[in-house]
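Input: a single structure, listed below in structure tokens.
Chains as they are written, first to last, in the working numbering: chain L, 2 to 348; chain H, 4 to 272.
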């Protein structure tokens, strides 16, 4: 049995000035038990709405959400959030400011009428797991961003839900702490074996955390797969452009005939393809698969040296490209040719 | 230069506000009201002694009546305001919430236009000259103000907190009781003061619905001093006015510590 099944979800939001906005346009996917499932997409692609629907905070216009074999959401059914055996961590943490850390973590247990002894036991356990035992008597206002994040996660964990939803939980934390929290979240997910459904717009977060990755764009699913598989084999130019840093070069080329055989050409680089003359072919090339040598087809417009990597920005043949080099001797204004080791044709 | 103008402005404002009060207190202690026009100035406690202890004037009774009526009607009004404001802030459509100001419409009616009708209703119910008639009218009349103040505040409480509570298993009422109510303490305190003041100072209803000392409130009592002696007893009026400021001032001082901003700090970034 699939743990969580989302089937053909449509959702329209009504906003005062913009009228109706179709946020989700037929989203379907499956999540297996114990999986770390990450939904990645630019802001406004509908990923947070999707999470709200799964949590039961909103109701779909069309489609079904089936959790552990039970239909929890459909246009006619909406099982209240607390009956879904899940909890949620919000981007804003949404801690209860008037309660201590202990009180915050106790609240869901109190609501579930767990007895006092058991409450205390569970809170101590989770606090230890999250390394916040020393903070139990503090108020949220006394905590740092990272600590608040841990408390929010703790509050989600004490209920021992079978599913935890996380809505961009790291977006308010500064970069250095982000990595630490990322590792922490992954560790906790492994140790508890809980299914995590994690929403983010940060591709590094997504790649680092996901067992399975789903990329969304404008209310639709672009691709679902294991992170490396998606990275290596993006199914659409959007996914190609969204994953990787710098993103994949996506260019459109016309097929031309050379000695009677079809080819495409990018600066000095030519490659045999299949297809009629004049057809547009979209190709994607990862920056690391372009290498530079002396030549004249491309002008180097800019060079960024980031530690042991160098991003080289090129212009020529009507396109802009970015190449990634180790070390590298590229200088601005210089002229180069390219060699492409690997690329991908989008149909 | 800017600072100078600011200080000058503040001085002017302070004098403007405080002068009548100072004058009131001053007059409440003076024997002869004509001293401002050149009469003798002699200070005395006689006014206070008379209004507090003389048999003819039951000022103490008025104060107690006022405190009961204002205290209870402010409580009742607050009790109704919080749920209304919460409902308005969370469940009204964006269109409807633009019209929350219509709530204040009821207070725009001149009270005099309803007082006659209310008198008939209260007579029929037999509650003229009871606290109940005053508490009910004061509550009804001050409710929009309470809802308005509470709405402005509950709007500022992040909605993620409600959602979080909902997911944690708290229904609507438990969210209101465990989360919104404790978070609203500062607003509750300020609203309570405003509602209390409204009721404490209200004159028309109190004048119409009370018959004798047993229910008369301070404003009515003070107004009736005049009739008591045939001439205007300024000393008594000033002394009772000065005294009636006291309970309110004590109340404000007591509630002040709750009126602190930033109670939601730390919840959301």
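Backbone N, C-alpha and C define an ideal beta-carbon position, used for all residues, glycine too.
Is residue i helix, strand or coil by DSSP?
| i | result |
| --- | --- |
| residue 112 of chain H | coil |
| residue 16 of chain L | strand |
| residue 89 of chain L | strand |
| residue 10 of chain L | strand |
| residue 257 of chain L | strand |
| residue 27 of chain L | strand |
| residue 250 of chain L | strand |
| residue 220 of chain H | coil |
| residue 169 of chain L | coil |
| residue 302 of chain L | strand |
| residue 142 of chain L | helix |
| residue 21 of chain L | strand |
| residue 238 of chain H | helix |
| residue 250 of chain H | helix |
| residue 206 of chain H | coil |
| residue 45 of chain L | coil |
| residue 66 of chain H | helix |
| residue 215 of chain H | coil |
| residue 155 of chain L | helix |
| residue 244 of chain L | coil |
| residue 20 of chain H | helix |
| residue 189 of chain H | helix |
| residue 220 of chain L | coil |
| residue 345 of chain H | The structure shown does not extend to residue 345 of chain H, since chain H is modelled only from 4 through 272, so no value can be given for it. |
Could you tell me which residues DSSP pairs with residue i in its beta bridges?
| i | result |
| --- | --- |
| residue 277 of chain L | The partner list for residue 277 of chain L (beta bridge, DSSP) is empty, contrary to what the question assumes. |
| residue 196 of chain L | L/164 |
| residue 37 of chain L | L/197 |
| residue 215 of chain L | L/40 and L/225 |
| residue 46 of chain H | H/33 |
| residue 272 of chain L | L/265 |
| residue 15 of chain H | Per DSSP, none; premise fails for residue 15 of chain H. |
| residue 346 of chain L | L/284 |
| residue 5 of chain L | L/32 and L/68 |
| residue 312 of chain L | L/305 and L/325 |
| residue 291 of chain L | L/341 |
| residue 317 of chain L | L/320 |
| residue 336 of chain L | L/300 |
Taking just the CA atoms, how far does residue j sit from residue i?
| i | j | result |
| --- | --- | --- |
| residue 198 of chain L | residue 159 of chain H | 29 Å |
| residue 266 of chain H | residue 194 of chain H | With a pLDDT of 48 at residue 266 of chain H, under the threshold of 50, the modelled position of that residue is not reliable, and no figure is offered here. |
| residue 131 of chain L | residue 155 of chain L | 7 Å |
| residue 106 of chain H | residue 15 of chain H | 35 Å |
| residue 125 of chain H | residue 131 of chain H | 6 Å |
| residue 250 of chain H | residue 71 of chain H | 12 Å |
| residue 264 of chain H | residue 192 of chain H | Annotation note: pLDDT 49 at residue 264 of chain H (below 50); position unreliable, coordinate value reported separately. Going by the C-alpha atoms only, they are around 12 Å apart. |
| residue 6 of chain H | residue 185 of chain H | 40 Å |
| residue 10 of chain L | residue 70 of chain L | 17 Å |
| residue 293 of chain L | residue 331 of chain L | 9 Å |
| residue 212 of chain H | residue 243 of chain H | 21 Å |
| residue 147 of chain L | residue 174 of chain L | 7 Å |
| residue 121 of chain L | residue 78 of chain H | 37 Å |
| residue 93 of chain H | residue 234 of chain H | 56 Å |
| residue 313 of chain H | residue 201 of chain H | No statement about residue 313 of chain H is possible, as the shown extent of chain H runs from 4 to 272 and does not include it. |
| residue 149 of chain H | residue 89 of chain H | 12 Å |
| residue 23 of chain H | residue 62 of chain H | 22 Å |
| residue 337 of chain L | residue 276 of chain L | 29 Å |
| residue 254 of chain H | residue 69 of chain H | 14 Å |
| residue 12 of chain H | residue 259 of chain H | 26 Å |
| residue 72 of chain L | residue 174 of chain H | 21 Å |
| residue 185 of chain L | residue 230 of chain L | 24 Å |
| residue 100 of chain H | residue 178 of chain H | 21 Å |
| residue 350 of chain L | residue 344 of chain L | Nothing can be reported for residue 350 of chain L, as the shown portion of chain L is limited to 2 through 348. |
Chain-ordered residues of the segment 147 to 170 of chain H with a beta carbon less than 7 Å from chain L: 161, 163, 164, 166, 167, 169 and 170
Residue ranges of each beta strand (DSSP E) within the segment 47 to 133 of chain L, 3 or longer: 63 to 68, 71 to 74 and 87 to 90
Chain-ordered residues of the segment 182 to 198 of chain H with a beta carbon less than 9 Å from chain L: Within the segment 182 to 198 of chain H, the residues whose Cβ lies closer than 9 Å to some Cβ of chain L are 182, 185, 186 and 188, listed in chain order.
Cβ-based contacts, 7 Å cut-off: residues of the segment 80 to 105 of chain L near chain H: 82, 83, 88, 89, 91, 93, 94, 95, 96, 97, 98 and 99
Complete beta strand (DSSP E) runs within the segment 129 to 181 of chain H (minimum length 3 residues, chain order): none
Against chain L: residues of the segment 217 to 231 of chain H by CB proximity under 7 Å: Taken residue by residue, none of the segment 217 to 231 of chain H has a beta-carbon sitting less than 7 Å from a beta-carbon on chain L.
Residues from the segment 103 to 122 of chain L in contact with chain H, defined by Cβ distance under 7 Å: 108, 109, 112 and 113
Members of the segment 117 to 128 of chain H that neighbour chain L once the beta carbon cut-off is set at 7 Å: none
Residue ranges of each alpha helix (DSSP H) within the segment 69 to 130 of chain H, 4 or longer: 97 to 100, 108 to 111 and 115 to 128
The segment 53 to 68 of chain L: positions lying closer than 7 Å to chain H by Cβ: 56 and 58
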